[in-house]
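What follows is a single structure, written as structure tokens, with notes after it.
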Amino acid sequence: MKHNLHWLIFVGMLSGIMVGLWINHSVVSSRIFEVLDLFGKTLFIGALKMLVAPLIFFSILTAITSLSNRQQLWSMGWKTLLFYLTTTSIAVAIGLFFVLTIRPGHWSNRNEIRDNWIEHRQQLHNNFSGTEAQVNEASHKTPLDIIRHTLEQTISNPFLALSETRSLGIIFFALILGAALIAVGKVAEPVLPVIQGINAAIMKLTTWIMLGSPFFIFCLVASLVGQLGAGVFQLLSGYIITIITGIAVHLVVLLAICYFMGRIPPWRFILAIQQAWMVAFATRSSAATLPVTISTVQDELGISAQTAEFVLPLGATINMDGTALYEGVAVIFLIQLFGGMPGVMIELTPVTTIIIFMTAVLASIGAAAVPNAGLVTMVLVANAVGLSVEYIPMIFAVDAFLDMFRTSTNVMGDMVGAVVIDKFEK
Ligand code: ASP
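Numbering (this note's numbering), first residue to last: 49 to 474.
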């Protein structure tokens, strides 16, 4: 059944692309998107999101309370953080390499894009006013505001964090509660099987939801592809090619890491993770994919529950290789494209490039695991090098498309992390 499901999801995705292309080229009522989104977004993403907050809480708690001692927690904790920071930095370096060599912002259609920007500025602002409001809000934040905000998100009322699915707050509370449960010893022993039981039941719910995934993924993909604007794609082809090339190379790097450090051959890894990869691609949310990611690495790759339940919720929250790569490329592309216009530097200096490198890593860590979040935290990178945020809407129209590639890369990076940490711990 499980393997049939892989194929059915694949078929759902392909037929979604085809139907989406057909819708794109025909005159259809906008009702069709409402119906597709009702199944894809409201039902499927809604059901997965329903599980995310309790899953993060109970899986981290289960993992911590099954660790034999505090040393093991530290050992797994620092290895996970170091691993994720390293792969994210590699991703940004790859992105910067490609955007600086391909130079998509200097392609022959540069003037055409600039003219298009001036001409359609108002329309872009109108079409994406919701996202633009978030971008503008983010642009007024100082680094201190961001630190304060992160701390407020982390150390807060756990019930509020759970009800608003604030991953940092949930993870932090689960970590300290887990540590305290170990510390109090005997008196907490009756609670531990309860935690494990609830955790197992949430994983069961995931498998039930996934039974309908081929159809839901069909709806998600058909709706997205059906609404893509072909003209903008042509205009921004250099930018899109740069990001997808960077992501492809990063995937090869991840597969190599998985082979050399985790001893899993690339083909086996790819076959094993396809379900989680496709769900990430279609939902564009690492958080919504988390239940599937956890069950995939355990069932298909034989990773221990303890590692999966500790490493993956952390990964979904802070490890975003695809997002980091994208943020660096996007800011440099905009500087190449609009260089010399008001609020944009003319040339990139090595110092600016290093600042972009560092802020892209940070911004990806701060990005929420939801659709288009990377676009909003990109403002941090743009601000750091003085790029005026008024140019960012230029890339809004292709963001949902690129989000599919970066989210699936984020999730793949998390799973490689689980493989490697599991190997280390064993
Ligand atoms: N959608 C991405 C994720 O959930 C974040 C982003 O927008 O880059 O991982």
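Glycine included, each C-beta is placed from N, C-alpha and C at the ideal position.
Coarse secondary structure for residue i, derived from DSSP in three states
{"i": "E82", "result": "helix"}
{"i": "L396", "result": "coil"}
{"i": "G434", "result": "coil"}
{"i": "V418", "result": "coil"}
{"i": "N29", "result": "This structure cannot settle anything about residue 29, because the visible part of the chain is limited to 49 through 474."}
{"i": "I203", "result": "coil"}
{"i": "D331", "result": "Rather than Asp, the amino acid found at residue 331 in this sequence is Thr. In this structure, T331 counts as helix in the three-state DSSP scheme."}
{"i": "T254", "result": "helix"}
{"i": "E473", "result": "helix"}
{"i": "P313", "result": "coil"}
{"i": "R454", "result": "helix"}
{"i": "G391", "result": "coil"}
{"i": "R214", "result": "coil"}
{"i": "T190", "result": "coil"}
Endpoints, the alpha helix (DSSP H) within which residue i is located
{"i": "F263", "result": "S261 to G274"}
{"i": "H154", "result": "Note, H154: premise wrong, no alpha helix (DSSP H); not H, not E."}
{"i": "T341", "result": "S334 to L349"}
{"i": "I112", "result": "G94 to S114"}
{"i": "V75", "result": "Note, V75: premise wrong, no alpha helix (DSSP H); not H, not E."}
{"i": "Y307", "result": "S285 to G310"}
{"i": "K234", "result": "Here K234 belongs to no alpha helix (DSSP H), and DSSP marks it neither H nor E."}
{"i": "P361", "result": "A353 to I366"}
{"i": "L373", "result": "D369 to F386"}
Separation of residue j from residue i, as counted between CA atoms
{"i": "F386", "j": "P152", "result": "12 Å"}
{"i": "I104", "j": "T400", "result": "37 Å"}
{"i": "F280", "j": "G286", "result": "Just to set this straight, residue 280 is Val in the shown sequence, not Phe. The straight-line gap from Cα to Cα measures roughly 11 Å."}
{"i": "L435", "j": "G414", "result": "20 Å"}
{"i": "I305", "j": "L208", "result": "38 Å"}
{"i": "W155", "j": "P390", "result": "21 Å"}
{"i": "I194", "j": "W325", "result": "31 Å"}
{"i": "N72", "j": "V446", "result": "15 Å"}
{"i": "E200", "j": "F221", "result": "13 Å"}
{"i": "K97", "j": "T337", "result": "9 Å"}
{"i": "L216", "j": "T202", "result": "5 Å"}
{"i": "L53", "j": "G64", "result": "16 Å"}
{"i": "T407", "j": "A432", "result": "7 Å"}
{"i": "L479", "j": "T331", "result": "Lying before the first or after the last residue shown, residue 479 is absent from the chain, which here runs from 49 to 474."}
{"i": "F145", "j": "I138", "result": "10 Å"}
{"i": "V67", "j": "G226", "result": "48 Å"}
{"i": "R158", "j": "A141", "result": "24 Å"}
{"i": "F381", "j": "Y132", "result": "25 Å"}
{"i": "W315", "j": "V467", "result": "15 Å"}
{"i": "A249", "j": "T190", "result": "43 Å"}
{"i": "R118", "j": "G370", "result": "32 Å"}
{"i": "I57", "j": "P398", "result": "45 Å"}
{"i": "P419", "j": "V235", "result": "43 Å"}
{"i": "A111", "j": "T355", "result": "7 Å"}
{"i": "G422", "j": "D163", "result": "26 Å"}
{"i": "K127", "j": "Y307", "result": "18 Å"}
{"i": "S456", "j": "I443", "result": "20 Å"}
{"i": "N247", "j": "F106", "result": "5 Å"}
{"i": "F449", "j": "P313", "result": "29 Å"}
{"i": "V75", "j": "L276", "result": "14 Å"}
{"i": "T290", "j": "V392", "result": "21 Å"}
Proximity below 9 Å, CB of residue i to CB of residue j
{"i": "I224", "j": "V359", "result": "no"}
{"i": "A320", "j": "L349", "result": "yes"}
{"i": "I219", "j": "T365", "result": "yes"}
{"i": "M460", "j": "L302", "result": "yes"}
{"i": "A335", "j": "A417", "result": "yes"}
{"i": "V379", "j": "V424", "result": "no"}
{"i": "I257", "j": "F453", "result": "no"}
{"i": "V269", "j": "G60", "result": "yes"}
{"i": "F92", "j": "G274", "result": "no"}
{"i": "N367", "j": "T135", "result": "yes"}
{"i": "G88", "j": "F264", "result": "yes"}
{"i": "L99", "j": "T255", "result": "no"}
{"i": "M426", "j": "I403", "result": "no"}
{"i": "I383", "j": "L362", "result": "no"}
{"i": "L115", "j": "L109", "result": "no"}
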